[in-house]
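Single-structure report; data block below.
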Amino acid sequence: MKKLLLLSLLTGVVFADPTILQAKYKDITINGKKVKVMTIEQPDGTWGYYGKAGDNFDVILQNKLDESTVIHWHGLFLPNDQDGTELTQDYIPPGAEYHYNFKLENTGTYWMHSHYELQVQDLLAAPLIIESADDSKYQQVVVMFQDYSDKPVKQIMQGLMSPDNDAHSMHGNMDMSGMEHGDMGMLDMHDMSGMDMDLNDVTYSAYLTNYHDDSSPQITQVKAGDQVKLRFINGSSSSNFWINLGKLKGSLVAVDGAPIKPITDNKFQLAMGQRSDVIVTIPKTGGNFPILGQVEGLKNQTGLILTTDKKAKKLKIPTNASKVAPALNYDEEFKLHSIESLSFDTPDQVYQFKLTGDMNKYEWAINDQMWPNVTPIKIKHGEKVEFVFDNQTMMSHPMHLHGYNFKVVSIDGKKVDGAMRDTVMVMPNSTVKVEFVADKDGKWFIHCHNLYHNMAGMMTYIEVVPN
Ligand code: C2O
Ligand code: CU
Numbered sequence: 001m002k003k004l005l006l007l008s009l010l011t012g013v014v015f016a017d018p019t020i021l022q023a024k025y026k027d028i029t030i031n032g033k034k035v036k037v038m039t040i041e042q043p044d045g046t047w048g049y050y051g052k053a054g055d056n057f058d059v060i061l062q063n064k065l066d067e068s069t070v071i072h073w074h075g076l077f078l079p080n081d082q083d084g085t086e087l088t089q090d091y092i093p094p095g096a097e098y099h100y101n102f103k104l105e106n107t108g109t110y111w112m113h114s115h116y117e118l119q120v121q122d123l124l125a126a127p128l129i130i131e132s133a134d135d136s137k138y139q140q141v142v143v144m145f146q147d148y149s150d151k152p153v154k155q156i157m158q159g160l161m162s163p164d165n166d167a168h169s170m171h172g173n174m175d176m177s178g179m180e181h182g183d184m185g186m187l188d189m190h191d192m193s194g195m196d197m198d199l200n201d202v203t204y205s206a207y208l209t210n211y212h213d214d215s216s217p218q219i220t221q222v223k224a225g226d227q228v229k230l231r232f233i234n235g236s237s238s239s240n241f242w243i244n245l246g247k248l249k250g251s252l253v254a255v256d257g258a259p260i261k262p263i264t265d266n267k268f269q270l271a272m273g274q275r276s277d278v279i280v281t282i283p284k285t286g287g288n289f290p291i292l293g294q295v296e297g298l299k300n301q302t303g304l305i306l307t308t309d310k311k312a313k314k315l316k317i318p319t320n321a322s323k324v325a326p327a328l329n330y331d332e333e334f335k336l337h338s339i340e341s342l343s344f345d346t347p348d349q350v351y352q353f354k355l356t357g358d359m360n361k362y363e364w365a366i367n368d369q370m371w372p373n374v375t376p377i378k379i380k381h382g383e384k385v386e387f388v389f390d391n392q393t394m395m396s397h398p399m400h401l402h403g404y405n406f407k408v409v410s411i412d413g414k415k416v417d418g419a420m421r422d423t424v425m426v427m428p429n430s431t432v433k434v435e436f437v438a439d440k441d442g443k444w445f446i447h448c449h450n451l452y453h454n455m456a457g458m459m460t461y462i463e464v465v466p467n
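Residue numbering for the sequence shown follows the working numbering, beginning at 1 and increasing consecutively.
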């Protein structure tokens, strides 16, 4: 510190202190009980990281847990050695710290989470927000969804891997009660009656928004007539959500941090790992506005409440919606068009990612290989590439690539001028193609963002090598 001060005086350059982020335990109340979970906070209690376009991401990550960890900056463009994974550094042992420092290229909504074992299920995650100049127009509200189980994580994983697990029953944990044909969205009755669909492998005790359960949701004061930017983050281990704005309509302006041509609706889809920025205008008449997320295939919902009522408290989110939410589908993805376009028409190389699974053994593979026994895909620096995600399983897989984003160019055989994303949902028995220029060297993970699929093998990496 003293050295920095002296340097500042001599050079006239202002050196900001690094931001301290601590991976630590936290007590929260779930279903009336106090429980210990994990989180990533600054010493003053700020959850995650908030920066501005062009800032240096100068962060000291301190491990205050009694186990090792490593924290990944999901969605950021960064030098490979800053990516925060077991491919790019050693795990950080308890009591140790690790210094990250690079210039932020992104703006928008990102998140950080553990890349060590099953810690994401212990809620070791946080928002990572980088404001653009434009954002000063809005009140900004982070809405991060997580799923919580009171079972120890290892037990959940063992349960999935044991031969008589629930997930092997034909509908997983899809709640069929109260379902009407009209709720089914893209599903048809063939999917429902057959063996070819699985939604939720894990049964959860609660779904959380910013660490709050439905009995004591976060209540956020807003002003009538104001515009609010809702930054949705799906930080769940194994749950896909339908965002539900209730009485409000919203304009979806960015996905996975990248701007799109806005679309207006009051329901949006959010797969594991994905983010969506939605702008809503608070009506002049004011009131309470629950902002919800409902789990696909279930009635369960979570959320927070925007209110213009200064004295509002003791508001609740109904634990269950009146109807079961359908499975996510491609309807929304087809409507998304990035502002940014690709710099090429035809790729130099096409790489296949065949996604397969064995529900009975609970094994998930990419190109018949299961992490850690994988052969990385070598790509030459600057190559224009297409990745083909060919999902041959009965479950959807939100596929995430580190360090890059890619443009969605084809969904289920139909060409699209799609969104730029870092995590794309690949529906059961379907194919999605994405394209990008491989211009960042290093080893970059590519994996399913369902934590249990990821841990049960569905992860590999690409290695971009200098030309
Ligand atoms: Cu969200 Cu490998 O990460
Ligand atoms: Cu998966």
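Where a beta carbon is used, it is the ideal one built from N, C-alpha and C, also for glycine.
Because the structure is a prediction, the values reported are computed rather than measured.
Would you kindly work out how many angstroms separate the C-alpha atoms of Glu435 and Lys314, rounded to a whole number?
-> Within the model, the alpha-carbon separation for Glu435 versus Lys314 is close to 48 angstroms.
Distance, Cα to Cα, Trp371 vs Met458?
-> Rounded to the nearest angstrom, the two C-alpha atoms are 6 angstroms apart.
Residue ranges of each alpha helix (DSSP H) within the segment 70–138, 4 or longer = Listed in chain order, there is nothing to give.
Cβ neighbour criterion (16 or more within 10 Å) applied to Ser396 | With a threshold of 16 other beta carbon atoms within 10 Å, Ser396 meets it and is buried.
Boundaries (first-last residue) of the beta strand (DSSP E) holding Asn234 | Following the DSSP letters along the chain, one finds Asn234 inside the beta strand (DSSP E) bounded by residues 227–234.
Ordered along the chain, which non-local residues of its own chain (more than five positions away) have a Cβ less than 8 angstroms from that of Asn106?
-> Closer than 8 angstroms at Cβ, skipping near neighbours: Gly75, Leu76, Phe77, Ile130, Gly257.
Exposed unless 16 or more other CB atoms sit within 10 angstroms - verdict on Asn467 | Looking at its Cβ environment, which holds fewer than 16 other Cβ atoms inside 10 Å, Asn467 is exposed.
Could you tell me the boundaries of the beta strand (DSSP E) in which His397 lies?
-> Its beta strand (DSSP E) spans residues 397–401.
From Ala224 to Ile279, what distance separates their C-alpha atoms?
-> Ala224 and Ile279: Cα-Cα distance of roughly 14 angstroms.
When DSSP builds the beta bridges, which residues end up paired with Gly303?
-> Beta-bridge pairing links Gly303 to Leu292.
Does the ligand CU have even one heavy atom less than 6 angstroms from the beta-carbon of Asn391?
-> Within 6 angstroms of the C-beta of Asn391 there is not a single heavy atom belonging to the ligand CU.
Backbone CA spacing between Leu199 and Thr285 [nearest angstrom] | C-alpha separation (whole angstroms): 39 angstroms.
Going along the chain, which residues of its own chain have a beta-carbon closer than 8 angstroms to the beta-carbon of Lys34, five neighbours each way excluded?
-> Excluding residues within five positions, the ones whose Cβ falls inside 8 angstroms are Asp27, Ile28.
Starting from Pro207, follow the beta strand (DSSP E) in both directions and report where the run begins and ends.
-> First, the residue type needs correcting, since residue 207 is Tyr and not Pro in the sequence shown. 206–209 is the span of the beta strand (DSSP E), which, as asked, contains Tyr207.
Return yes when the C-beta of Gly273 is under 6 angstroms from any heavy atom of the ligand C2O, and no when it is not.
-> Yes, the beta carbon of Gly273 sits closer than 6 angstroms to at least one heavy atom of the ligand C2O.
Chain-ordered residues, beta carbon under 5 angstroms from a heavy atom of the ligand CU = Result (chain order): His397, Cys448, Asn450, His453.
Counting only the same chain and skipping the five closest in sequence on each side, list residues whose C-beta sits under 7 angstroms from that of Asn450.
-> Taking Asn450 as the centre and dropping the five residues before and after it, the same chain places the C-beta of Ser238, Met272, His397, Pro398 closer than 7 angstroms to its C-beta, in chain order.
With DSSP collapsed to three states, give me the class of Tyr330.
-> DSSP, reduced to helix, strand and coil, places Tyr330 outside both helices and strands of the structure shown, so it counts as coil.
Could you check the C-alpha separation between Ile317 and Val424 for me, to the nearest Å?
-> Rounded to whole angstroms, Ile317 to Val424 spans 29 angstroms at the Cα level.
Taking just the CA atoms, how far does Gly287 sit from Asn101?
-> Their Cα atoms are separated by approximately 43 angstroms.
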